[in-house]
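Structure first, then comments.
Number of protein chains: 2
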Amino acid sequence: MSTAIANWVVSLTSTSLPATVSQAALRSFYNWAGCTVGGAAHPATTIASRTLSRFFGPPTSTLLGCRLDTKVIDAQHAALINGIASHVHDYDDTHLDTIIHPTGPVAAALLSVCETLHRPIPGNDFLLALIAGIEVECKLGLAVWPSHYDVGWHITSTTGSIGAAVAVSKILGLTSEQTAHAIGLAATQVTGLREMFGSHTKSFHPGRAAQNGLLAALLAEEGYTSSLQALEAKRGWVNVSSEEALANLHIQVDSLGKTWETEKNSFKPFPCGIVIHPVIDGCISLHRKHLTSSEEIVSVMLTVHPLVLELTGKKYPRDGLEAKFSVYHGAAVGLLLGKATPAQYEDAVVLDPHLVQLRDRIAAVADPSLRPDECHITLTFENGARLEKHVDHAVGSVHRPMTDAQLQAKFLDQCVPVLGVDRANRASDWCWGLEARDDIRSIHEVL
Amino acid sequence: MSTAIANWVVSLTSTSLPATVSQAALRSFYNWAGCTVGGAAHPATTIASRTLSRFFGPPTSTLLGCRLDTKVIDAQHAALINGIASHVHDYDDTHLDTIIHPTGPVAAALLSVCETLHRPIPGNDFLLALIAGIEVECKLGLAVWPSHYDVGWHITSTTGSIGAAVAVSKILGLTSEQTAHAIGLAATQVTGLREMFGSHTKSFHPGRAAQNGLLAALLAEEGYTSSLQALEAKRGWVNVSSEEALANLHIQVDSLGKTWETEKNSFKPFPCGIVIHPVIDGCISLHRKHLTSSEEIVSVMLTVHPLVLELTGKKYPRDGLEAKFSVYHGAAVGLLLGKATPAQYEDAVVLDPHLVQLRDRIAAVADPSLRPDECHITLTFENGARLEKHVDHAVGSVHRPMTDAQLQAKFLDQCVPVLGVDRANRASDWCWGLEARDDIRSIHEVL
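Those protein sequence lines, which keep their order, are chains A and B. Mapping of the first sequence onto our numbering: residues 88 to 534, in sequence order. Mapping of the second sequence onto our numbering: residues 88 to 534, in sequence order.
What follows is the structure, given as structure tokens:
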């Protein structure tokens, strides 16, 4: 199977891509770039950058959203740090069938290696490699879903290492055998335990996955050997990290190039676990219609998909990172503030007494009959009145995807504070125009 | 449990160490240094070094056994490459109860970080940190044994990352909480699938584990957070990577500082999977006594512990790396050449027609009643004569440990071809005198 995947990767050409897939990949990259700029100043990113600066090698690759004097570093560290930044606000993309955040590991590795190459990298070659990485990453995620995630693997990084290796192999033009070795070298670095959710290490995962995959492809290019059955062997990646039958892997690999996972990628309107989004969406609409203060609310009852409580059941978040795993915080900011952007996940906001008080009045119950993008909200007021809201499909879900205009507003919301209005608009134009660009290495001039 | 381990690490002092433990740690380091020099010129090491040289940061840390002009590189890459070199001949140490090769990941990370510090590092501080790392590494191995290994994890690197993080935390003087975060950051990087055995990637594992642990401790020192329950949580390291009960973890953590795993470390007389050693030992003794040519042998029957065939059943090895997983090759070189050093695992030797012919005449059967360090060998000759050999405990096992003199002969056998006689002897003296040394950063002058 490793070899079959490698063969598919090598044979993939731009002409075989449906236009909808290229467009979805472009939106994925655009969203990733904005999130990476938006996460550049977060402590998880800056601690990593500060700690590792003593090791930086020759500067070739851009750290997105950084000051000009610290902006170009070696490719391995750029992959790590951009990967961290892209995920740190939990604001990146989601492949809903697997809860993989696919672009982070793949784009961070791919971009950093492109900038080391001594030749122009056309935008469509870049997108092709990005698509190859995302497709393999998500197909592998589907092959090991759900037991891989259930047991405790952070599927974004465990599959992301392999996706990153594939994308880098593609842009380097590796042979099928080299690509298979790269897949093996990436597969053996199984990074990411779900126990880390709520700490800096959660965003370390996609960063390290980018680095793992980059390292894997570079070693394979130079003849480093791994196994050519790394995924399917008895003690290979699928069997070791999941309880799924190998037949699933066969089905997913056979579907490469027939169904496209990149098309199913979705983008988050809110910077937190995607399972909370229906609740936030509903609470924001209730805010707009009815509420300006929490005083009058006696209780809030949320009825949600079971995964919501499993993943985001933190009742008493102590800081912004923990609040991302609190459906209670999501509901509270939606109801009270009417929005949920990174600003509503600042530590000080999370500890605001009004929000703390409102969170205390919110209860949530799981209902397995609900879809993950669905929820019910019931408010009870001091005067005994009740208000109900049913969210059928949350904004940002596949049924209500964010429009390009919404994506652009999100991009600018993250980039303007870092880059200023002019540079942010220029960066937005540059990213939207990626596919037609002659050489994407000019990215360091704009982002 | 992560916190309990961290507390133990922080409280550990040289005065609380039994002398036998310090001596065992010294022998472990000595053996590691020789193996690392011996592996420096192997393709798995040189490919990694050549590939990654484009990323090398400021030079601080020694690559053991390298030419003076390429010898000092940044600490992260030194940890990786020394870790690869130390394991590439499968000639390093073994904690027999877990089959962990404990010193590689821990020493490679620890040595490389010591050389970055702007203060003298006394030899006994170095040994103390090494012991802390090896103890935690092996106790964790015992906690997840055997299911962790059985399912397919290369236990050397999966526990080695954590051991390396502990050793680096100790030498950096991290607090208990920082050490616990380092353990979490290391635990989330679960590197090493057994499927990679027989390829370059097997030795990549301890190298990457060293790097993982080093990175973990450095990030934790700067305030990067992980989980303080990384090992014991529902979706933490033990539950995700094994089927063992958490009670095992408790037992092992409670035994820290009471029983010492470092004392149980053993050293290999032969550069291959340790389970083959009884067969090689027996075959060498048969060679000495009876054989000078394979011509007269009609058949060889090996009766071995079941793990021998599971791990080293490669009947037709194609190169030196595969031969390390061939009990047939081990038996053949023992019988025909009377020795098994790295020279007998060169690719050309593995393909020698006389050895190929003899391997064809060797059969092996598993007998679960045998101990792992035991075997029976039966030779049948053309004239119908039979010769039997029972190996009760292989040389290098805990019952027949290598003496210091044997370790030194092994060290010099590996170092003389690389360093020359004078430097190799000086390096040997330097390593034996480690504990009393004022500053181990002088290592770059000798190794």
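We treat Cβ as the ideally placed atom computed from N, Cα and C, and that holds for glycine. Here the structure is a predicted model, which is why all the values come from computation and not from measurement.
Span separating the alpha-carbon of residue i from that of residue j
i                : j                : result
Pro393 (chain B) : His176 (chain B) : 23 Å
Val277 (chain B) : Thr467 (chain B) : 47 Å
Leu424 (chain B) : Thr266 (chain A) : 39 Å
Asp454 (chain B) : Pro429 (chain B) : 29 Å
His268 (chain A) : Thr246 (chain A) : 16 Å
Asn94 (chain B)  : Ile160 (chain A) : 37 Å
Arg524 (chain B) : Ala296 (chain B) : 27 Å
Arg405 (chain B) : Ser413 (chain B) : 10 Å
Ile187 (chain B) : Ala419 (chain B) : 26 Å
Lys426 (chain B) : Phe357 (chain B) : 9 Å
His58 (chain B)  : Ile208 (chain A) : No answer is possible for residue 58 (chain B): it lies beyond the span of chain B, which begins at 88 and ends at 534.
Asn299 (chain A) : Ser199 (chain A) : 13 Å
Cys225 (chain B) : Arg141 (chain A) : 31 Å
Ala219 (chain B) : Leu197 (chain B) : 11 Å
Ala514 (chain B) : Glu222 (chain A) : 51 Å
Gly191 (chain A) : Arg458 (chain A) : 26 Å
Ser319 (chain A) : Pro440 (chain A) : Inspection of the sequence shows that residue 319 (chain A) is occupied by Glu rather than by Ser. Taking the straight line joining both Cα atoms gives about 53 Å.
Ala252 (chain A) : Pro293 (chain A) : 13 Å
Cys359 (chain B) : Lys411 (chain B) : 5 Å
His287 (chain A) : Leu150 (chain A) : 19 Å
Distance between beta carbons of residue j and residue i, contact taken as under 8 Å
i                : j                : result
Leu305 (chain A) : Ala254 (chain A) : Not quite, the Cβ-Cβ distance comes to about 13 Å (not below 8 Å), so this is no contact.
Ser372 (chain B) : Gly483 (chain B) : So it is not a contact: roughly 14 Å between Cβ atoms.
Ala481 (chain A) : Asp460 (chain A) : 5 Å
Val366 (chain A) : Ser256 (chain A) : Actually they do not touch by this definition, with Cβ atoms about 40 Å apart.
Ile464 (chain A) : Gly369 (chain A) : 5 Å
Thr147 (chain B) : Thr203 (chain B) : 5 Å
Glu522 (chain B) : Leu113 (chain B) : 6 Å
Asn118 (chain A) : Asp184 (chain A) : Rounded, the Cβ-Cβ distance is 18 Å, inconsistent with contact.
Leu389 (chain B) : Ala451 (chain B) : 4 Å
Arg281 (chain A) : Arg510 (chain B) : The Cβ separation is near 50 Å, so there is no contact.
Ala166 (chain B) : Gly152 (chain B) : About 15 Å separates the two Cβ atoms, so there is no contact after all.
Ala127 (chain A) : Val505 (chain A) : 6 Å
Those residues which DSSP pairs with residue i across a bridge
i                : result
Ser413 (chain B) : B:Gly400
His364 (chain A) : None, per the DSSP bridge assignment.
Ser109 (chain A) : According to DSSP, Ser109 (chain A) bridges with nothing at all.
Trp240 (chain B) : B:Leu280
Cys462 (chain A) : A:Val391, A:Val478
His205 (chain A) : Paired residue(s): none; His205 (chain A) is not in a bridge.
Val159 (chain A) : A:Thr149
His182 (chain A) : A:Ile187, A:Asn352
Leu343 (chain A) : A:Thr346
Ala451 (chain A) : A:Leu389
Val467 (chain B) : A quick correction: the sequence has Thr, not Val, at residue 467 (chain B). According to DSSP, which records beta bridges pairwise, Thr467 (chain B) is partnered with B:Ser386, B:Arg473.
Exposure of residue i, with buried meaning 16 or more beta-carbon neighbours within 10 Å
i                : result
Leu214 (chain A) : buried
Ile338 (chain B) : exposed
Ala435 (chain B) : exposed
Arg154 (chain B) : exposed
Gly507 (chain B) : exposed
Gly471 (chain B) : exposed
Tyr403 (chain A) : exposed
Arg528 (chain B) : buried
Val325 (chain A) : buried
Ser456 (chain A) : exposed
Ser314 (chain B) : buried
Pro105 (chain B) : exposed
Ala332 (chain B) : exposed
Gly125 (chain B) : buried
Terminal residues of the beta strand (DSSP E) in which residue i lies
i                : result
Glu475 (chain B) : 473-478
Phe284 (chain A) : Note, Phe284 (chain A): premise wrong, no beta strand (DSSP E); not H, not E.
Ala274 (chain A) : Careful: Ala274 (chain A) lies outside any beta strand (DSSP E), inside the alpha helix (DSSP H) at 263-274.
Ser386 (chain B) : 384-391
Ala332 (chain A) : Ala332 (chain A) -> no beta strand (DSSP E), and no H or E assigned at all.
Ile527 (chain B) : Here Ile527 (chain B) belongs to no beta strand (DSSP E), and DSSP marks it neither H nor E.
Host alpha helix (DSSP H) of residue i (start-end)
i                : result
Phe498 (chain B) : 491-506
Ala131 (chain A) : 130-139
Lys226 (chain A) : 210-231
Near-chain D residues of the region 409-436 of chain B (beta-carbon distance less than 8 Å), N- to C-terminal order:
Checking the listed chains, one finds no chain D in this structure; the protein chains it contains are A and B.
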